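Novice: First the structure, then my questions, so here it is.
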Amino acid sequence: MSLWMILPVSLPVFIITGIWVVYAMALYNQHVCPVNNWVYNESCVEPLPLQRGPVLCCTLDNIPLISKCGTLPPESCFFSLICSTGSFMVMLIGLLRYAHVIEKHQNCILNTAGLSTGWLCAAGLIMVGNFQVDFAKVLHYVGAGVAFPSSMLFVCLQSALTYRLAKTQEEYWIGHIRVGMALLALIALVLSGVFFCQESFALQHASAIFEWIYCSIIMFFYGTFAFEFGGMSGDTLMVLSKGGAMQSFSTSEHKTEVGGGTGHHQPEGLSIL
Numbered sequence: 026m027s028l029w030m031i032l033p034v035s036l037p038v039f040i041i042t043g044i045w046v047v048y049a050m051a052l053y054n055q056h057v058c059p060v061n062n063w064v065y066n067e068s069c070v071e072p073l074p075l076q077r078g079p080v081l082c083c084t085l086d087n088i089p090l091i092s093k094c095g096t097l098p099p100e101s102c103f104f105s106l107i108c109s110t111g112s113f114m115v116m117l118i119g120l121l122r123y124a125h126v127i128e129k130h131q132n133c134i135l136n137t138a139g140l141s142t143g144w145l146c147a148a149g150l151i152m153v154g155n156f157q158v159d160f161a162k163v164l165h166y167v168g169a170g171v172a173f174p175s176s177m178l179f180v181c182l183q184s185a186l187t188y189r190l191a192k193t194q195e196e197y198w199i200g201h202i203r204v205g206m207a208l209l210a211l212i213a214l215v216l217s218g219v220f221f222c223q224e225s226f227a228l229q230h231a232s233a234i235f236e237w238i239y240c241s242i243i244m245f246f247y248g249t250f251a252f253e254f255g256g257m258s259g260d261t262l263m264v265l266s267k268g269g270a271m272q273s274f275s276t277s278e279h280k281t282e283v284g285g286g287t288g289h290h291q292p293e294g295l296s297i298l
């Protein structure tokens with residue numbers, strides 16, 4: 026087993042734990058209402074941070090959306106740190122997955138598209154974490170508009186790529202798991218988006234819950250790459266250093282060895298039939 030498998034496992038552990046800590050901080054400072062609160066009001070006599078008592082008056086500004094939990098300091102500082110670090114880890118995992126596919130198989134459109142969507146998701150995540158929704162709404166929503174669709178497309182492409190490369194029963198089972206997670210993520214994303222646009226307080230609160238579910242599923246999906254990363258070696262990094270050309274290099278080297286005993290020079294660019 027390679028130590029590289031720690032990387033995809035650490036991403037969901039770090040991100041999911043981190044955003045729950047941010048939620049706990051926002052809840053402690055009364056910047057958002059609890060997830061189990063389903064009662065909202067048009068307005069309140071006092072803002073939520075100034076209220077005291079077992080029963081709190083909540084408005085739509087206090088819905089525990091992930092972004093809302095990380096809007097105000099001090100939790101906003103931790104939210105930015107978590108999103109920025111998570112973005113770097115997403116980029117690194119996507120790059121290593123891209124190189125590993127080339128090393129073990131060959132490059133293809135699905136693999137390149139998977140890398141592109143993963144990096145788009147990382148870019149959107151940086152914007153979401155560093156432009157708080159209450160202070161830079163346009164940039165925050167631009168980041169969310171990039172991160173959510175690209176992350177959904179990433180898991181779909183990686184699920185298809187897993188099936189395309191599968192050769193053993195175990196690899197097919199990984200494909201089944203990833204397809205199941207992709208379907209659940211799609212349902213959660215659609216419901217979150219639809220409910221978010223409704224006027225009903227209860228539906229908007231449900232939107233926040235589905236947003237949490239969606240993000241958790243995506244992070245767990247990244248964790249499944251531990252299966253491939255467990256067999257990763259130093260040759261994977263060589264693929265990156267050679268610009269993704271290791272597969273063609275190895276093939277050419279093998280052909281040279283096969284044709285070496287014939288005494289004829291094989292012209293470059295021609296294959297041995």
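Residue 26 is where the sequence shown starts when you use the working numbering, and the numbers rise one by one after that. Glycine included, each C-beta is placed from N, C-alpha and C at the ideal position. Computed from a predicted model, the values in this text were never measured in an experiment.
(1) Here's the rule I'm using: 16 or more other beta-carbon atoms within 10 Å means buried, otherwise exposed. How should L32 be labelled?
(2) When DSSP labels each residue in this structure, what does Q157 get in the three-state scheme?
(3) Could you tell me which of C181, V215 and G218 sits nearest to H201, measuring between CA atoms?
(4) Classify V80 as helix, strand or coil using the three-state DSSP reduction.
(5) Just the C-alpha distance for M30 and L36, rounded to the nearest angstrom, thanks.
(6) Please report how far the alpha carbon of G78 lies from the alpha carbon of Q55, in whole angstroms.
(7) When you compare only the Cα positions, how much space is there between Y247 and C240?
(8) How do the region 36-53 and the region 99-111 stand: do at least 3 beta-carbon pairs fall below 8 Å, yes or no?
(9) Please confirm if the region 124-132 is in contact with the region 143-159, defined as three or more CB-CB distances below 8 Å between the two stretches.
(10) Three Cβ pairs or more, each shorter than 8 Å: is that satisfied between the region 83-96 and the region 135-148?
(11) Looking only at its own chain, which residues have a Cβ that is under 7 Å from the Cβ of P74, when we skip the five neighbours before and after it?
(12) Any idea if L103 is buried or exposed, counting beta-carbon neighbours within 10 angstroms, 16 or more meaning buried?
(13) Report yes if the C-beta distance between A210 and I242 is below 8 Å; otherwise report no.
Specialist: Result, derived from the coordinates:
(1) buried
(2) coil
(3) C181
(4) coil
(5) 11 Å
(6) 12 Å
(7) 11 Å
(8) yes
(9) no
(10) no
(11) N54, Q55 and H56
(12) Per the sequence presented here, residue 103 reads as Phe, with Leu not at that position. Answer is buried; the Cβ neighbour count reaches 16.
(13) yes
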